[in-house]
Ligand code: G6P
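Residue numbers (the numbering used here): 858 to 1334.
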């Protein structure tokens, strides 16, 4: 039986199951940044990754994949409905994104969430070597840190929260608010995207549990009357910036960027939105601003086209079904009102594309629109910046995306302020090359310096220090 020194626990495994031509099943590495970031660390540490294979009911034995030991956790169709679609994506997701959509609190979902979290914790406990480090990822698994600590007090446990953590006034709606905080506090380090998220968490702990907090430290009582320290702090996540730079320099990708412009009828300016089709992304607000600019006669379809890539997501959750209908209605209306035979207002693509095509699109786009109403980080903003090796292009960035903390040279907007957004779009369309260059160079410095490898290193270093300190407290107790 494998015993790993480093175990990552995430809702999804870092691979996707694919059927090859002959009907045989095989695995392919998933495209995400987390996967790329952790791959070298996992290789070095003889790491294991515990996660769901992404489809209902499939039982797969642990297997090796590109230097990582993968431990699949099986979920039945019913568990996917209650734990993943229900509790994770119809309760926590809207609640943690400031109730943009109404969270639903259902006890059967919670029961399934507890049960599935226990299964992930048990799988991690089994594969972790004595004294190993376990790194739990994201809101689907908030109870795992404490469950693991109870099963395996020898482990060093970290947790990273990829999405926002809301103010207590909202968080306190959660009927299980104490259990979730206790679950997270099982970790030695609880990482957040922004300092504001870490602050909201510490305040929730003070209000709901009455544990003392000091700077980023929280004093957590153990069952035996002793205490330990949990660190709650911001570690803003990033992307594998070098791989975007490399793609952006490839001649075939640059040629593809030129071809995209051509295919769109060579408009003077291309605006771009790239999002999972999610109500947190502010796609409606963006369409409203763009539609009004056409209506006002500030822009015309011959001159400006908006490309909106909206990749399919969580399609069985009602709020997502509704959102898709609304977006498609709005796109249809705008195109119906303004398209000509040769030009379209909005090229809407409800599809996912490989990274190569995305980089070509980034290079083709004069203005990138990130208009999230709330977003943990927004890695698309960082991807756009990394791809612009030519120091051209303008990033319009919502203040409500975590990325706004670091990317202060973007054109900042409040997506609720439609007039403000319209002005920002016009300013970006008209921005002189010299100003584009100045801003883009500053943005690129930030993104290239703070890549995802640096993120994982700094989290793991903090975890190592916190784990060592807590072990010392335990041993002297
Ligand atoms: C966000 C979450 C991730 C999640 C991803 C895609 O980025 O923070 O945990 O994996 O969305 O959502 P999905 O539900 O398809 O996993």
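Glycine is no exception: its CB is placed at the ideal position from the N, C-alpha and C atoms.
When the five nearest sequence neighbours on each side are left out, the beta carbons in the same chain lying within less than 8 Å of the beta carbon of residue 1248 are those of 1293, 1294, 1297, 1298, 1301, in order along the chain. Secondary structure in the region 1041–1083: the beta strand (DSSP E) runs of 3 residues or longer, each lying completely within the stretch, are 1046–1049, 1074–1078 in chain order. Listed as beta-bridge partners of residue 1162 by DSSP are 1127. Here residue 1163 has 1128, 1147, 1203 as same chain residues with Cβ atoms under 6 Å from its own Cβ, once five neighbours each way along the sequence are excluded.
The beta strand (DSSP E) runs of length 3 or more contained entirely in the region 873–947 are, from start to end of the chain, 882–886, 905–909, 920–922, 925–929. For the pair of segments examined, the region 1114–1123 was found not to touch the region 1072–1087: the number of CB pairs separated by less than 8 Å stays below three. Here residue 1270 is bridged, per DSSP, to 1255.
For residue 1123, the Cβ stays outside the 7 Å cut-off from all heavy atoms of the ligand G6P.
Assignment of residue 1017 by DSSP, reduced to helix, strand and coil, places it in the strand class. The beta carbons of residue 889 and residue 1093 sit no closer together than 8 Å. When the Cα atoms are used, residue 1182 and residue 1277 turn out to be separated by approximately 26 Å.
Residue 1239 sits close to residue 1304, with the two beta carbons spaced by under 8 Å.
Inside the region 1177–1226, DSSP marks whole beta strand (DSSP E) runs of 3 or more residues at positions 1203–1206, from first to last along the chain. Contact between the region 1192–1201 and the region 1224–1243 is absent, with fewer than three C-beta pairs closer than 8 Å. For residue 980 and residue 928, the gap between their C-alpha atoms comes out near 8 Å.
Judged by DSSP in its simplified three-state form, residue 862 adopts strand.
With 16 or more neighbouring CB atoms inside 10 Å of its own CB, residue 949 falls in the buried class. Per DSSP, the continuous beta strand (DSSP E) segment holding residue 989 begins and ends at 985–994. Per the Cβ contact rule, the region 1204–1224 is not in contact with the region 1049–1063 (fewer than 3 Cβ pairs under 8 Å). Within a 10 Å sphere around the beta-carbon of residue 1134 sit 16 or more other beta-carbons, which makes this residue buried. Closest in C-alpha terms to residue 998, from the list 972, 990, 1141, 1009, comes 972.
Per DSSP, residue 1137 is not a residue of any alpha helix (DSSP H), being assigned neither H nor E. Per DSSP, the unbroken alpha helix (DSSP H) holding residue 1316 starts and ends at 1309–1333. Straight-line spacing of the CA atoms in residue 904 and residue 920 works out to 12 Å. Contact between the region 1212–1220 and the region 1177–1195 is absent: fewer than 3 CB-CB pairs across the two stretches fall below 8 Å. At a cut-off of 7 Å, the beta-carbon of residue 869 counts as near the ligand G6P: some heavy atom of the ligand is closer than that. Between residue 871 and the set 924, 1291, 1136, the nearest pair of CA atoms involves 924. Look at residue 1170: its beta carbon is less than 7 Å from one of the heavy atoms in the ligand G6P.
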